[in-house]
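For the sequence shown, counting from 1, position 122 maps to 262 in the numbering used here; every step adds exactly one.
Just so you know, even glycine gets a beta-carbon here, dropped at the ideal spot from N, CA and C.
These numbers come from a predicted model, not from an experiment.
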Amino acid sequence: MKLSVAQANVKGKKADVVTINDRTVYRFEGDGSKPPRANCLNYCQVAWPPVLTNASRVEAEGIDPKLLGTVKRDDGLVQVTLAGWPLYRFNEDKARTDTKGEGVGGNWSVIKPNGRPVIPKTPTNLPRP
Numbered sequence: 141m142k143l144s145v146a147q148a149n150v151k152g153k154k155a156d157v158v159t160i161n162d163r164t165v166y167r168f169e170g171d172g173s174k175p176p177r178a179n180c181l182n183y184c185q186v187a188w189p190p191v192l193t194n195a196s197r198v199e200a201e202g203i204d205p206k207l208l209g210t211v212k213r214d215d216g217l218v219q220v221t222l223a224g225w226p227l228y229r230f231n232e233d234k235a236r237t238d239t240k241g242e243g244v245g246g247n248w249s250v251i252k253p254n255g256r257p258v259i260p261k262t263p264t265n266l267p268r269p
């Protein structure tokens, strides 16, 4: 298993995105990054399979190795993290660098090599000046 970086079109925006085997990788806003916590379990992981590893070290091309890590999930499996965020794939992404999972449910984001979402979330409850 090796993560890499590829160009993809995310909601009309060209961006560098993280991939595994040419498939786009996502982060779930319902997870935690400090400390890492994977909350997409059971039925959730049917549509959003976690990026798992049994290696002691995660390999990546074009990604700062200091940002890579793992988290032990509640089901005992070990999931790859980027900047603390557990990584997932989306089952409906069929072609190379599809990004069909972007924005699903307002909780899923295509992830950049620095761990941030390609399309940042916009705050909905801003205080008035």
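Item, Value
"Burial state of G255, where buried means 16 or more other Cβ atoms lie within 10 Å", "buried"
"Sub-8 Å separation of Q147 and K153 beta-carbons", "no"
"Buried or exposed by the 16-neighbour rule on C-beta atoms within 10 Å, applied to E242", "buried"
"Status (buried if at least 16 other CB within 10 Å, exposed otherwise) for R197", "exposed"
"DSSP beta-bridge partners of D156", "Q147"
"Residues bridged to A200 (per DSSP)", "L143"
"Cut-off 8 Å between Cβ atoms - residues of its own chain near C180, not counting five sequence neighbours on either side", "F168, G170, D171, W188, P190, P226, Y228"
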